[in-house]
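Below is one structure, written out as structure tokens; comments come after it.
Protein chains: 2
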Amino acid sequence: MRRVLSTSLPTHVGRPVTIAGWLHRRRLLKSVAFLILRDAGGLAQVVVTDPELRAWLAELPEETVLQVTGEVVANPAAPAGVELVEPSVRLLGEPAVPPPFDLYRPALAATLPTQLDHAPVALRHPTRSAALRISAAAVAGFRATLDARDFVEVHTPKLVAGATESGANVFELDYFGRPAYLAQSPQFYKQLMVGVFERVYEVGPVFRAEPHDTARHLAQYTSLDVEFGFVEDHRDVMSMLREVLAGMLDSIAVRAGGALDTLGIDLPPVPAEIPSVHFTEALRIAGAAPDEPDLAPAHERTLGEWARAEHGCEFLFVTGYPMAKRPFYTHPARPGSPEFRPALAGAGEPAYSNGFDLLFRGVELVTGGQRLHRHGDYLAALAARNEPVEPVATYVAAFRHGMPPHGGFAIGLERFVARLTGAANIREVTAFPRDLHRLTP
Amino acid sequence: MRRVLSTSLPTHVGRPVTIAGWLHRRRLLKSVAFLILRDAGGLAQVVVTDPELRAWLAELPEETVLQVTGEVVANPAAPAGVELVEPSVRLLGEPAVPPPFDLYRPALAATLPTQLDHAPVALRHPTRSAALRISAAAVAGFRATLDARDFVEVHTPKLVAGATESGANVFELDYFGRPAYLAQSPQFYKQLMVGVFERVYEVGPVFRAEPHDTARHLAQYTSLDVEFGFVEDHRDVMSMLREVLAGMLDSIAVRAGGALDTLGIDLPPVPAEIPSVHFTEALRIAGAAPDEPDLAPAHERTLGEWARAEHGCEFLFVTGYPMAKRPFYTHPARPGSPEFRPALAGAGEPAYSNGFDLLFRGVELVTGGQRLHRHGDYLAALAARNEPVEPVATYVAAFRHGMPPHGGFAIGLERFVARLTGAANIREVTAFPRDLHRLTP
């Protein structure tokens, strides 16, 4: 008999079915035993009255994989109003070794390190798997939004000859006798592919040899990268990001409604226009000195509170980031850009950029902006920073061959899901996190 | 004025529009010049009669990025039957340096190494970009087929503590002072995730320190990985693979029709049931000795011809691969399995496995099969091979906690597209290939 999922049982009342899954829990009463089977759909209750079967089940450890054939009957007291009676049960493997924590309790009692050590079983808990379902739905929404706007998905090298960004925090490896590095982002490649397809995106791993042990950094995370050409400036990029975010949240609502219920969370609305403040104004709101070159986490938190109080919005754009804190490919805010501001005394011009961050609930979630597109501007930018051309030579050289004004952004998937679900630690929403201390499982 | 794509020009006849793109080609006639602009949609013809503009254009190198505003008029002799007249033209960057080969000719005349050295411009050629569009469409079809069957997308670690497969051809790196390796496949992780979601897939990079310089191997490629539980045996996996392949080809037809036209290729039909031969029969068809443990490329070619002649099919399953040539997690074909055959004299039992390959046009495209699911079987399999448990300890230990019968497969994306498009070298369909010699661009 073909196996059905627990979720479909209400449509089979009065008929025999076969279900299969994990022994989630047993309740052994005097004259009857209840076997709760967990499958990809959820839970199913099986009523056991046969003494021999009851005795056998009493010895079976939780997480043993079983196949159960029985008749579906309605019972308002059972999960989803149905249960299986007169069951025949068979092992689909061998009796399991029970995990070191109870999966059937509403919350996982184990500490996070214990959960991570036993990730293959800890992830079976509904609260842990729900976060990963939300993650999958978010990525599906990301792609659907961009596919509908004629973006092309690309796959770019993760093994590169030079460090992408600053050169710090990069993993080095031996590549057939030469040094190579794990890509910290697909930044250069996605820009080059704008020359081919105009609009591209990539979903893939990026690597940071992050030496700090924090609740929001990982050595490998999933980056949702977007880049597109023929923009007026970064405002077009911000508009696209707004569409992508709305598409991700819509997709979560549609595809991961059960996971949202499990975690008891509501999705934040994305306004038609996300509020935006210039970096100089952000400093003022955050109570920081006007010559601060960057926003500290405490500043970001204050800005998150301000956006909620002032705009009723969980999202806030901070635009016009100082050039000094942005990478060399950042397009400056020249006179005429909405982000142009005269430099403070002592700072070089242009002081501000067409680069932005998007804060979500007071944490940086997305970095983006307009990039340089003229070859000459690249050479000038590197020279002005006293950075050598050589490590980025093939990338910079490609700009000689005609590139349109363009920009893009990158969303850290795990950080997004952590913020959305209220997870205190990004590792709670990552299947097998990699960090300073953790390389297994 | 908002920019429109070249493809939409026929809907704007009689009206002014703005287009933008790359100077693809100029034709300078006596009294008129034709400027062909290339954008993401295709080509647009602009008619220039103004002598001053004509003189300026005559000096502009190919690939310069331009914005053109003009009136759309019908002209049956122009591409798509329309052209722009009375244009005003402005630079969107700086005059380009022309690429070292002509992008406007029907075929790229440069050698493959030259194309790869100049990938950012070579990929702009329609034949090169078409392969990447087919690639993107194939992946979209892969995901859509699996999403419709309740698979969950996962993202697994690419940095691992032990080699996934044989331990050969693995990239090693320094991970915060310890050795780590780049994952050769997500095999272990996707199996573990079957315990969480029952059905999972991943699209991501895999890494092979492939020391051979061949036309079909890369040091990084994109693997389309599938794994699912509660299978009867590998035949369920083969059925799912058939659905996935059909979905990929359908998606290419729908989403990349223009790219197929550019390359002049027809898609192979996927029959409702893909023909299948047992490994022992495959050896016989290929004219190989019955004690050969594997199929050589020449054998695969012969089998491809046989499948076409005998079944009119470009695809062929070879089932029951010898255990000796499959990794330790492979499920053996025990008596009762359709793949069971008595071992030849001298070979151990079970000699054959529930593992299969799918050949596409005489080349191995997919490897898959049923895996072991009992913890005891894993320990026995490692012991029988004299392989140590330690490097795979956390993986093997997870099977103590209850895993259903399961199986899966992996499709090499670039190899699939190369075979589909008839590319002689896998590098022709890879944006920025990585191999023994190539780490840039």
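Sequence order for the protein chains is A and B.
Note that the first sequence covers residues 1 to 441 in the numbering used here.
Note that the second sequence covers residues 1001 to 1441 in the numbering used here.
We put the CB at the ideal spot given by N, CA and C, even for glycine.
Which bits of chain B does A/Ala40 rub up against, with CB to CB less than 8 Å?
Asp1150, Phe1197, Glu1198 and Arg1199
Below 8 Å, can you find three or more Cβ-Cβ pairs linking the stretch 1409-1416 of chain B to the stretch 1217-1227 of chain B?
yes
Going residue by residue through the stretch 224-262 of chain A, where are the continuous alpha helix (DSSP H) segments of at least 4 residues, counting only ones entirely within it?
234-255
Is the Cβ-Cβ distance between A/Thr156 and A/Pro186 less than 7 Å?
yes
Is DSSP giving A/Pro205 helix, strand or coil here?
strand
Any idea if A/Met248 is buried or exposed, counting beta-carbon neighbours within 10 angstroms, 16 or more meaning buried?
buried
Members of the stretch 1239-1263 of chain B that neighbour chain A once the beta carbon cut-off is set at 8 Å
none
Reduced DSSP secondary structure (H/G/I, E/B, other) of B/Ala1410:
strand
Report the three-state DSSP secondary structure of B/Ala1138 (helix, strand or coil).
helix
I'd like the ranges of any beta strand (DSSP E) spanning at least 3 consecutive residues and lying wholly in the stretch 1362-1402 of chain B.
1363-1371
What are the boundary residues of the alpha helix (DSSP H) that includes B/Gly1299?
As written in the sequence, residue 1299 of chain B is His, which differs from the Gly given in the question. Unbroken alpha helix (DSSP H) run through B/His1299: Pro1297 to His1311.
Inter-residue spacing [alpha-carbon to alpha-carbon] between A/Glu52 and A/Leu28
13 Å
With C-beta atoms as the reference, is A/Leu60 less than 7 Å away from A/Leu23?
yes
Per DSSP, what are the beta-bridge partners of B/Ala1278 in this structure?
Position check: residue 1278 of chain B holds His in this sequence, whereas Ala was assumed. Answer is B/Thr1319, bridged to B/His1278.
Residues of the stretch 1324-1336 of chain B whose Cβ lies closer than 9 Å to any Cβ of chain A, in chain order
none
Is it right to say A/Asp39 is buried, meaning 16 or more other beta carbons lie within 10 angstroms of its own, or is it exposed?
buried
Contact residues within the stretch 1383-1396 of chain B, judged by C-beta distance below 8 Å to chain A:
Thr1394 and Tyr1395
How long is the line joining the alpha carbons of B/Leu1344 and B/Ala1351, rounded to whole angstroms?
8 Å
Flag B/Tyr1175 as yes if its beta-carbon sits less than 7 Å from any beta-carbon of chain A, otherwise no.
yes
Around the Cβ of B/Arg1090, are there at least 16 other Cβ atoms within 10 angstroms (buried) or fewer (exposed)?
exposed
Identify every residue that forms a DSSP beta bridge with A/Ile36.
A/Arg25 and A/Gln45
Would A/Pro405 be called buried (16 or more neighbouring beta carbons within 10 Å of its own) or exposed?
buried
Cβ-Cβ separation, B/Leu1159 to B/Tyr1175 (assumed contact under 8 Å), whole Å:
6 Å
Please go through the same chain and pick out, in chain order, the residues whose beta-carbon is closer than 8 Å to the beta-carbon of B/Glu1273, but skip the five residues on each side of it.
Arg1242
Beta-carbon spacing of B/Val1200, B/Val1152 below 7 Å:
yes
Using beta-carbon positions only, say whether B/Val1318 and B/Ala1282 come within less than 7 Å of one another.
yes
Beta-carbon separation of A/Val72 and A/Leu9 under 7 Å?
yes
Does the beta carbon of A/Thr214 sit closer than 7 Å to a beta carbon anywhere in chain B?
no
Indicate the three-state DSSP secondary structure (helix, strand or coil) for A/Pro332 in the structure shown.
strand
Helix, strand or coil at B/Pro1179 according to DSSP, with G and I counted as helix
strand
Give every residue of the same chain whose Cβ lies closer than 8 Å to the Cβ of B/Val1389, excluding the five residues on either side of it in the sequence, and list them in chain order.
Leu1379, Leu1382 and Val1396
Should A/Lys325 and A/Asp294 be called a contact, given that it needs their Cβ atoms to be closer than 7 Å?
yes
Roughly how far, in whole angstroms, is the beta-carbon of A/Phe315 from the beta-carbon of A/Leu358, given that I think they are within contact range, below 8 Å?
6 Å
Are there 16 or more other CB atoms within 10 angstroms of the CB of A/Gly402, so buried, or fewer, so exposed?
buried
What residues in the stretch 1176-1196 of chain B have a beta carbon less than 8 Å from any beta carbon of chain A?
Phe1176, Arg1178, Ala1180, Leu1182, Tyr1189, Leu1192, Met1193, Gly1195 and Val1196
What span of residues does the alpha helix (DSSP H) with B/Glu1339 cover, start to end?
Here B/Glu1339 belongs to no alpha helix (DSSP H), and DSSP marks it neither H nor E.
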